[in-house]
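Undergrad: Numbered per this note's numbering, the sequence shown finishes at 86, counting up by one with no gaps. Heads up, the beta-carbon is just placed ideally off N, CA and C, and yes, glycines get one too. Predicted model only: the values in this text are computed from it and were never measured.
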Amino acid sequence: MQRDNNLREWRLVNGMTLKDLAKRTGLDYGYLSQLEKGLRKGTPNTWIKIANELKVPAKTFFPDEVKEAGAKYSCFG
């Protein structure tokens, strides 16, 4: 499965290791690794938790079609 998010890039920009992000979010290290590699999709709540720790908008991690739907229904402000 191909990675379709930029989690790794944002994590590195914030100077965090996967262990750091796991500790800050309370998410499992292995699970975060799978998300980063695109092996798992993750729930919206998971991505929001990650986005909050990386100080980026949650929509950063969603595909364009989800962003468009979110804009239509004011989900991403």
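(1) Should Leu-44 and Leu-16 be called a contact, given that it needs their Cβ atoms to be closer than 8 Å?
(2) Between Tyr-40 and Arg-49, which are expected to be in contact by the criterion C-beta below 8 Å, what is the C-beta distance as a whole number of angstroms?
(3) Please say whether Ile-59 and Thr-34 have beta carbons closer to each other than 8 Å?
(4) Could you name the residues of the same chain whose beta carbon sits closer than 6 Å to that of Asn-23, not counting the 5 residues immediately before and after it, in chain order?
(5) For Lys-58, report the span of its alpha helix (DSSP H) as first-last.
TA: Quick answer:
(1) yes
(2) Correct: roughly 7 Å between the Cβ atoms.
(3) yes
(4) By the criterion of a C-beta distance shorter than 6 Å, Asn-23 is surrounded in its chain by Leu-63, once the five residues flanking it on both sides are discounted.
(5) 53 to 63
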